[in-house]
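Novice: Would you mind keeping the following structure in view while I ask a few things?
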Amino acid sequence: MKQFIKKIAFYVLMSLLLFNGIAFLSLQILGKSNFYKPEFVKNTVIDTNFDYVVLGSSTGLTTLDTKLIDSITNKKGLNISMDDTSLNSHFLMLQHFKASNKSAKCLVLAVTPWDLKNKNPKLNNNDYRFLPYVQEDYVFDYYNELETKTFKPLSFSRYFPIIGVSYYNTEIFYPSIISFFNSNKRNHFDDKGNFCYPTNGKPNKLEIDEIEVVINNPFYFKIKEFCSQNNIKLRIYISPIFKTKLKIHDDSIIDQSNFLIDEEMFYDNIHVNQIGRRKCSIEFAKYLK
Numbered sequence: 001m002k003q004f005i006k007k008i009a010f011y012v013l014m015s016l017l018l019f020n021g022i023a024f025l026s027l028q029i030l031g032k033s034n035f036y037k038p039e040f041v042k043n044t045v046i047d048t049n050f051d052y053v054v055l056g057s058s059t060g061l062t063t064l065d066t067k068l069i070d071s072i073t074n075k076k077g078l079n080i081s082m083d084d085t086s087l088n089s090h091f092l093m094l095q096h097f098k099a100s101n102k103s104a105k106c107l108v109l110a111v112t113p114w115d116l117k118n119k120n121p122k123l124n125n126n127d128y129r130f131l132p133y134v135q136e137d138y139v140f141d142y143y144n145e146l147e148t149k150t151f152k153p154l155s156f157s158r159y160f161p162i163i164g165v166s167y168y169n170t171e172i173f174y175p176s177i178i179s180f181f182n183s184n185k186r187n188h189f190d191d192k193g194n195f196c197y198p199t200n201g202k203p204n205k206l207e208i209d210e211i212e213v214v215i216n217n218p219f220y221f222k223i224k225e226f227c228s229q230n231n232i233k234l235r236i237y238i239s240p241i242f243k244t245k246l247k248i249h250d251d252s253i254i255d256q257s258n259f260l261i262d263e264e265m266f267y268d269n270i271h272v273n274q275i276g277r278r279k280c281s282i283e284f285a286k287y288l289k
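The following block contains the structure:
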């Protein structure tokens, strides 16, 4: 009986070591790829100094076209926005940008009114994309702070990679396989980090909303402090929101919330399509000249 238990324990241990090894290798492959935006920032972007970077969620990703803006302003920009994120993820990306030996003179922080107002930010759906860098203190500390439950798959992955890779199987393991065969594959963004929505969408809001912009999010202030410490000019930007009027108390905010009125410029209520993106980018370029 003891021999049987020992054999079972041995096979279990060997299996854990094997699966952890596979998970570790998966993270290593993904971490050296260009698939997600964190990997793109670290591995693909050759330039180290930029005149400006655009940082936000899907609204920042799809509204400001850095290629078009650069052609107008003769400046060098990069879009490091990532979809399905918020200010806490933006702070993590900003730390990752610096840790990747990149710098910028100006940070264009693309925000939404509801994110600025949020006093209690939570882990975002796409924060797992930083998992290949969980050994870095700034990534681990972020996961450990934002994962509030007893079971912390992202944080625990620092010691047992199999936990995070298993938990985010389709988002981590399969992209690592794709990256193994094509390390230049990118997940829905171009060589400057931009993405645009097609013109087949449509907003559905019927009445005009009025929103007061209030800044309560603690990660906004962390970003502001980070910029101050690293001599980065911070510009706050709000992209078009269909049929929405904002009450803003800070004149320094670049407010395009009501810049577009025609619904043909929108993909949905908070995202512009490729036509709207062009108009917004041309108008925004005036602020960088």
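The UniProt record's numbering applies: residue 1 is where the sequence shown begins, and numbers increase by one.
Heads up, the beta-carbon is just placed ideally off N, CA and C, and yes, glycines get one too.
Computed from a predicted model, the values in this text were never measured in an experiment.
Mind checking whether the beta-carbon of A285 lies closer than 7 angstroms to any heavy atom of the ligand FMN?
Specialist: Inclusion of the ligand FMN in the displayed structure is not the case, the ligand content being empty and no account of it being possible.
Novice: Taking the beta carbon of V272 as the centre, do at least 16 other beta carbons fall within 10 Å, making it buried, or is it exposed?
Specialist: So V272 counts as buried.
Novice: Does the Cβ-Cβ distance between Y267 and G201 come in under 8 angstroms?
Specialist: It is a contact, given that the beta carbons lie within the stated cut-off.
Novice: Hey, how far is the Cα of L30 from the Cα of D51?
Specialist: 28 angstroms
Novice: Look at the alpha carbon of K245 and the alpha carbon of I211, and state the distance between them as a whole number of angstroms.
Specialist: Cα to Cα, the separation comes out at about 6 angstroms.
Novice: Per DSSP, what kind of secondary structure is C196 in: helix, strand or coil?
Specialist: coil
Novice: If you check the beta carbons only, do F189 and F195 fall under 8 angstroms apart?
Specialist: yes
Novice: Could you tell me if D83 is buried or exposed, where buried requires 16 or more neighbouring beta carbons within 10 angstroms of its beta carbon?
Specialist: By the neighbour-count criterion, in which a residue is buried when 16 or more other Cβ atoms sit within 10 angstroms of its Cβ, D83 is buried.
Novice: Which residues mark the beginning and the end of the alpha helix (DSSP H) in which G60 is found?
Specialist: 58 to 63
Novice: Does DSSP classify L260 as helix, strand or coil?
Specialist: DSSP places L260 in the coil class of the three-state scheme, outside both helix and strand.
Novice: Could you pull the DSSP bridge partners for C106 from this structure?
Specialist: Answer is Y52, K233.
Novice: Can you list, in chain order, the residues of its chain with a C-beta nearer than 6 angstroms to that of residue 313? Leave out the 5 residues immediately preceding and following it.
Specialist: Any answer about residue 313 is impossible in this case: the structure gives the chain only from 1 up to 289.
Novice: In chain order, what residues of the same chain lie with their CB nearer than 6 angstroms to the CB of S155, ignoring the 5 residues before and after it?
Specialist: Y143, N144, E147
Novice: Work out the CA separation of D137 and Q28 for me, nearest whole Å.
Specialist: 17 angstroms
Novice: In chain order, what residues of the same chain have a beta carbon less than 6 angstroms from the beta carbon of P38, not counting five sequence neighbours either side?
Specialist: Once the five neighbours on either side are set aside, the close Cβ partners of P38 are H96, R129, F130.
Novice: Between the Cα of K119 and those of S166, S86, E225, F259, spot the shortest distance and give me the residue it belongs to.
Specialist: S86
Novice: Express the C-alpha separation of P153 and N124 in angstroms, rounding to a whole number.
Specialist: 14 angstroms
Novice: Considering only the alpha carbon of each residue, which of K75, N20, V45 lies closest to K98?
Specialist: Distance check between K98 and each of K75, N20, V45 places V45 closest, using alpha-carbon atoms only.
Novice: With DSSP as the reference, identify every bridge partner of V111, one or two as the case may be.
Specialist: Bridge partners of V111: I238.
Novice: Using only CA atoms, which one of V134, A23, W114, K243 lies nearest to P203?
Specialist: K243
Novice: Identify which residue in N20, V111, Y159, K149 has its Cα closest to the Cα of F140.
Specialist: That would be Y159, whose Cα lies nearest to the Cα of F140.
Novice: For the region 17 to 24 and the region 73 to 80, state whether three or more C-beta atom pairs, one from each stretch, are separated by less than 8 angstroms.
Specialist: no
Novice: Which partner residues does K247 have in the DSSP bridge list?
Specialist: According to DSSP, which records beta bridges pairwise, K247 is partnered with E212.
Novice: Could you check where the beta strand (DSSP E) with G77 kicks off and where it finishes?
Specialist: Counting along the chain, the beta strand (DSSP E) containing G77 begins and ends at 77 to 79.
Novice: Run through the DSSP bridge pairs and tell me what V272 is partnered with.
Specialist: DSSP output for V272 lists F266 as bridge partner(s).
Novice: If the criterion is Cβ atoms closer than 8 angstroms, does the pair A110 and G60 meet it?
Specialist: The answer is yes: Cβ separation under 8 angstroms.
Novice: Which residues mark the beginning and the end of the alpha helix (DSSP H) in which E145 is found?
Specialist: 137 to 146
Novice: Check the DSSP bridge columns for D255 and list the partner residues they point to.
Specialist: I238
Novice: Let's test the definition: count the other Cβ atoms within 10 Å of the Cβ of residue 309 and tell me whether it reaches 16, buried, or not, exposed.
Specialist: The first residue shown for the chain is 1 and the last is 289, placing residue 309 beyond what the model contains.
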